[in-house]
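Report on one structure; see the data block that follows.
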Amino acid sequence: MAEVDHLAAERATARFDVEEMKVAWAGSRHAVHVADRMARLVASDPVFRKDNRTMLSRKELFKDTLRKAAHAWKRIVELRLTEEEADLLRQYVDQPGYVDLHWGMFVPAIKGQGTEEQQHKWLPLAYKFQIIGCYAQTELGHGSNVQGLETTATFDPKTDEFVIHSPTLTSSKWWPGGLGKASTHAVVYARLITEGKDYGIHGFIVQLRSLEDHSPLPGVTLGDIGGKFGSGAYNSMDNGVLRFDHVRIPRDQMLMRLSQVTREGKYVHSNVPKQLLYGTMVYVRQSIVADASKALSRAVCIAVRYSAVRKQFGSQDGGPETQVLNYKTQQSRLFPLLASAYAFRFVGDWLNWLYTDVTQKLEAKDFSTLQEAHACTAGLKAVTTSVTADAIEECRKLCGGHGYLNSSGLPELFAVYVPACTYEGDNVVLLLQVARILMKTVSQLASGKQPVGTMAYMGKVQYLMQCKSAVSSAEDWLNPDAIQEAFEARALRMAVNCAQNISQAASQEEGFYERSPDLLEAAVAHIQLIIVTKFIEKVHQEIPGHGVKEQLQALCNVYALYILHKHLGDFLATGCITPRQGALANEQLGKLYAQVRPNAVALVDAFNYTDHYLGSVLGRYDGDVYPALYEEAWKDPLNETVVPEGYHEYLRPLIKQQQLKLSRL
Ligand SMILES: CCCCC/C=C\C/C=C\C/C=C\C/C=C\C/C=C\C=C\C(=O)SCCNC(=O)CCNC(=O)[C@H](O)C(C)(C)COP(=O)(O)OP(=O)(O)OC[C@H]1O[C@@H](n2cnc3c(N)ncnc32)[C@H](O)[C@@H]1OP(=O)(O)O
Ligand SMILES: Cc1cc2nc3c(=O)[nH]c(=O)nc-3n(C[C@H](O)[C@H](O)[C@H](O)COP(=O)(O)OP(=O)(O)OC[C@H]3O[C@@H](n4cnc5c(N)ncnc54)[C@H](O)[C@@H]3O)c2cc1C
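In this text, residue positions in the sequence shown follow full-length UniProt numbering: the first is 1, and each later residue adds one.
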């Protein structure tokens, strides 16, 4: 811990037990303990140093990523870490690389879509890193439209092989992480063709590089797709391009859990929904929601601590300057983000539970919750990543000029995070999937079919379409039932309005197309309702620790009332609340910010992040920001020499020339 704590006064004003809040945030005492150990293990190891990352060239950065991944693996083996510990260790290394795709998509794709025999063959190789895998789905010409992929896998009954081929330039695989330079194998998605018929997209395990010298196998062309947004950031990842020229693989390398091709070339589809092919994406979308709360809480931790240290303007009589955290505008920009970090954390936990539950049901051949899993993972992925990306940028602005320095950690965090709005499904495309399911649910209401799961509130259609909020004072907005009802009514009325408008179009498809901007907003309203509901449910649980429940209650109210204030137009236009009730919500929000203020630093301490993981001179635990900023500046390569390179070539001649001109005057 720090020797001088510049934030000690802030920590002393906290009205709750921070250690217990750490448990509430992490999920259990065990989770706090393991995360703490792994974070410190990484922070104390010089190989995992990352403060120089933005100054490395692309090649140096990539080599550094390979080195860190190898070292992490060495430590995992030496220390015999459990899977949970190993996952955390990799997270704290905090540098995107091929291992993310190997563990995060290649292994889950084989587990989810491979037969037992295939799992038995391939997983041990992957677990021991005897092969390195990636997930090659997206192509140059198609990403969102998976059914539009062009790569072909044509069965050749003569040799009992599939021939994998890229027929066009646009069919080149493009983007897969780890493909460019590291992977030896890929799960490749291609159109399965047998007996002259195209059976659509299926997954295949394809070896790409030699296990001896890493050179591409015959017929395989591959490389990196080039530099990406920001310095450092996602450039540590070798996103790749891949083309196949009639590459042959044995038939048993088609992932055959969902459908099979027999020795004779007959296509057999098991009696399961085709969408199970998308299972790996559902899994990753679910982990991306959990990841959103991490990225958001990091940015908020930096901005809150720095705002408590930073002072601007004083009293008229020359008294001390004001901490910028005391400005109401700073609070109204920052505290909703703090509340969102907690909201996303809890909804992420719930989504993880839902995913596990659905997976168990699928194993028992119960597919009834597949749609719910798709809607929740797609919608929550879209909303949490969009909010987090915007919030990181807002935190940069909240830190003023210093937030723009790489040493603040915020530019790199933003650059690494922002593609989350695109990968694993573009957020607009995913929200339209949610909207489609909402429209289907509304259309089934007339037939009396009772919606279930997160759509269950739509079953109260008679009541929710006409109810009026009973709020008559600012305090009334602290009642969770008032909040819940307003959010349910808003979401349902927006969905029903869309459905009515669509029904007036020439066709359902045309109506959906014309109304898609409104449908996006309806989908967002539905997802915000889920987040609010799960936060309210969390706060209703028994939560140990002095003052912890009260703080979470306040944050839950901040989250809900902030969303209400931000989307006031929706609530008013649908007649769920009156303008006066909207004003009362805003009044209550101001009171809640005042309640959060003395607890703000302790609330971000509860995230329990090491200075290494935060990677920010502004977010240091000890708040000793200025010496750190000053020291950091001198580390820049530009400061290695007093007189810069190029002085004699460009600066001196220029200055001399001007001096000469002046002397002639
Ligand atoms: C790499 C991860 C590392 C993880 C490490 C672990 C933890 C670390 C923490 C978090 C991770 C953090 C960061 C991740 C790091 C980096 C990212 C790296 C990798 C990124 C990889 C990728 O991007 S892979 C490529 C992803 N691509 C997409 O997402 C494509 C999006 N498109 C689609 O999903 C589909 O094409 C579609 C859904 C848009 C359309 O589907 P389609 O079949 O064409 O048509 P319909 O719309 O008509 O749908 C038909 C019916 O199917 C239902 N449905 C659709 N999708 C699903 C689904 N997934 N599950 C269930 N059901 C589905 C749909 O509702 C229709 O149903 P009905 O017929 O009943 O109406
Ligand atoms: C950093 C990064 C890592 C990635 N890693 C991988 C990986 O490991 N493996 C892999 O296979 N892929 C990977 N991808 C690819 C990623 O999954 C796709 O980029 C993503 O699914 C979006 O598809 P797209 O690029 O085709 O976007 P497009 O669909 O071309 O989107 C372009 C625009 O069109 C809009 N749009 C598209 N369709 C519709 C529609 N129906 N209605 C309204 N608007 C629409 C979108 O909203 C967007 O604004 C990665 C991408 C990135 C950026």
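Think of the CB as a built atom: it goes at the ideal place given N, C-alpha and C, for glycine as much as any other residue.
If you check the beta carbons only, do I193 and T168 fall under 8 Å apart?
Stepping through the sequence shown from its first residue, residue 193 is reached at position 193. Stepping through the sequence shown from its first residue, residue 168 is reached at position 168. Cβ distance not < 8 Å, so I193 and T168 don't count as in contact.
Let me know the secondary structure DSSP gives W477 once reduced to three states.
The sequence position of residue 477 within the sequence shown is 477, counting from 1. DSSP places W477 in helix when its eight states are reduced to three.
DSSP state of V642, grouped into three classes?
Taking the sequence shown and counting its residues from 1, one reaches residue 642 at position 642. Looking at V642 - three-state DSSP - the assignment turns out to be coil, as it is neither helix nor strand.
How about Y613: is its Cβ closer than 7 Å to a heavy atom in ligand 1?
Position 613 of the sequence shown holds residue 613. Flag unset: Cβ of Y613 not near ligand 1.
Enumerated in chain order, which unbroken segments of the beta strand (DSSP E) with a length of 3 residues or greater are wholly contained in the region 557 to 590?
none
C498 Cβ short of 7 Å to ligand 2 heavy atom set:
As a working mapping, residue 498 is identified with position 498 in the sequence shown. No, the Cβ of C498 stays beyond 7 Å of every heavy atom of ligand 2.
Alpha-carbon spacing of M458 relative to L492, whole angstroms
The residue labelled residue 458 in the question sits at position 458 within the sequence shown. The residue labelled residue 492 in the question sits at position 492 within the sequence shown. In a straight line, the C-alpha of M458 is about 6 Å away from that of L492.
R298 Cβ short of 7 Å to ligand 1 heavy atom set
Counting from one through the sequence shown, the residue named residue 298 turns up at place 298. It does not: the Cβ of R298 is nowhere closer than 7 Å to a heavy atom of ligand 1.
Over the uninterrupted beta strand (DSSP E) stretch that includes P220, give me the two end residues.
Sequence index remark: in the sequence shown, residue 220 carries index 220 (1-based). The residue asked about is misnamed: residue 220 is Val in this sequence, not Pro. Looking at the DSSP string, the run of the beta strand (DSSP E) that includes V220 is V220 to D224.
To which residues of the same chain is C301 closer than 7 Å at the C-beta, ignoring the five residues directly before and after it?
Your numbering for residue 301 matches position 301 in the sequence shown. Closer than 7 Å at the Cβ level, and outside the excluded window around C301, lie V604, F607, Y609, L614 and G619.
Span separating the alpha-carbon of A233 from that of K68
One-based indexing of the sequence shown puts residue 233 at position 233. One-based indexing of the sequence shown puts residue 68 at position 68. A233 and K68: Cα-Cα distance of roughly 15 Å.
Start and end residues, alpha helix (DSSP H) containing I437
One-based indexing of the sequence shown puts residue 437 at position 437. Looking at the DSSP string, the run of the alpha helix (DSSP H) that includes I437 is N427 to L445.
Grouping DSSP H, G and I as helix and E and B as strand, with all else coil, what is I655?
One-based indexing of the sequence shown puts residue 655 at position 655. Reduced to three states, the DSSP call for I655 is helix.
Under a Cβ-count criterion, where at least 16 other Cβ atoms within 10 Å of its own Cβ denotes burial, should L638 be classed as buried or exposed?
Here residue 638 corresponds to residue number 638 of the sequence shown, with the count starting at 1. Classification for L638: exposed.
So the candidates are F48, Q130 and L125; which of them puts its Cα closest to the Cα of Q91?
Here residue 91 refers to the residue found at position 91 of the sequence shown. If we check each option's Cα against that of Q91, F48 comes out closest.
Is the beta carbon of W103 within less than 7 Å of some heavy atom of ligand 3?
This structure lacks ligand 3; the ligands present are ligand 1 and ligand 2.
Since H165 is in the beta strand (DSSP E), which residue starts that stretch and which ends it?
Sequence index remark: in the sequence shown, residue 165 carries index 165 (1-based). That run of the beta strand (DSSP E) goes E161 to H165.
Ligand 1 heavy atoms versus the CB of N427: any closer than 7 Å?
Reading the sequence shown from its first residue, position 427 is the one you call residue 427. No, ligand 1 has no heavy atom inside 7 Å of this Cβ.
Output yes or no for whether 8 Å exceeds the beta carbon distance between S259 and L398.
Against the sequence shown, residue 259 aligns to sequence position 259. Against the sequence shown, residue 398 aligns to sequence position 398. Not in contact: S259 and L398 (Cβ atoms no closer than 8 Å).
Taking R345 and W25 to be in contact with their CB atoms under 8 Å, please state how far apart those CB atoms are, rounded to whole angstroms.
Working through the sequence shown from its first residue, we reach residue 345 at position 345. Working through the sequence shown from its first residue, we reach residue 25 at position 25. That belief holds up - the Cβ atoms of R345 and W25 are roughly 6 Å apart, short of 8 Å.
Going by the C-beta, is T138 closer than 7 Å to any heavy atom of ligand 1?
Residue 138 sits at position 138 when you count from the first residue of the sequence shown. T138 Cβ: within cutoff of ligand 1.
By DSSP, does G279 sit in helix, in strand, or in coil?
Translated into positions along the sequence shown, residue 279 becomes position 279. In the structure shown, G279 sits in a helix (DSSP, three-state: H, G or I).
Top-ranked residue by Cα proximity to K328, from S28, G590 and D611:
Residue numbering aside, residue 328 sits at position 328 when the sequence shown is read from its first letter. Comparing Cα-Cα distances from K328 to each of S28, G590 and D611, the minimum goes to G590.
For D198, which beta-bridge partners are listed by DSSP?
Your numbering for residue 198 matches position 198 in the sequence shown. Bridge partners of D198: I193.
Is Y98 a contact residue of ligand 2, with contact defined as CB to any heavy atom under 7 Å?
The residue given as residue 98 occupies position 98 in the sequence shown. Checking every heavy atom of ligand 2 against the Cβ of Y98, none is found closer than 7 Å.
Is the beta carbon of F62 sitting closer than 8 Å to the one on K181?
The residue you call residue 62 lines up with position 62 of the sequence shown. The residue you call residue 181 lines up with position 181 of the sequence shown. Contact flag set, yes.
The beta strand (DSSP E) enclosing R243, as first and last residue numbers
The residue given as residue 243 occupies position 243 in the sequence shown. R243 -> beta strand (DSSP E) spans G240 to F244.
With a cut-off of 8 Å on the beta carbons, I'd call S443 and A499 a contact; round off their distance for me.
For the purposes of this step, residue 443 is taken as residue 443 along the sequence shown, with counting starting at 1. For the purposes of this step, residue 499 is taken as residue 499 along the sequence shown, with counting starting at 1. At roughly 7 Å, the Cβ-Cβ gap stays under 8 Å, so S443 and A499 are in contact.
Tell me the DSSP secondary structure of E542 in three-state form.
As a working mapping, residue 542 is identified with position 542 in the sequence shown. Looking at E542 - three-state DSSP - the assignment turns out to be coil, as it is neither helix nor strand.
Beta-carbon proximity list for M1, same chain, < 6 Å, skipping 5 on both sides
As a working note, residue 1 is residue 1 in the sequence shown. With a pLDDT of only 47 at M1, under the threshold of 50, the placement of this residue in the model should not be trusted; the figure read from the coordinates follows. Result list for M1: empty, nothing under 6 Å.
With 16 as the cutoff for other CB atoms within 10 Å, does R209 come out buried or exposed?
Position 209 of the sequence shown, counted from the first residue, corresponds to residue 209. Under this definition R209 is a buried residue.
Under 8 Å between C-beta atoms of E640 and V617:
As a position in the sequence shown, residue 640 is number 640, starting the count at 1. As a position in the sequence shown, residue 617 is number 617, starting the count at 1. Not in contact: E640 and V617 (Cβ atoms no closer than 8 Å).
Distance, M38 Cα to M476 Cα:
As a position in the sequence shown, residue 476 is number 476, starting the count at 1. As a position in the sequence shown, residue 38 is number 38, starting the count at 1. With the sequence shown as reference, residue 476 is identified as Asp, and Met is not the correct amino acid for it. Approximately 44 Å between the Cα atoms of the pair.
Using three-state DSSP, classify D252 as helix, strand or coil.
Mapped onto the sequence shown, residue 252 falls at position 252. Three-state DSSP puts D252 in a helix.
Does the beta carbon of A284 fall short of 7 Å from some heavy atom of ligand 1?
Along the sequence shown, one-based indexing puts residue 284 at 284. The residue asked about is misnamed: residue 284 is Val in this sequence, not Ala. Yes, Cβ of V284 sits closer than 7 Å to a heavy atom of ligand 1.
Mapping DSSP to helix, strand and coil, what is T82?
Start at 1 with the first residue of the sequence shown, and residue 82 comes out as number 82. Of the three classes helix, strand and coil, the one that applies to T82 here is coil, per DSSP.
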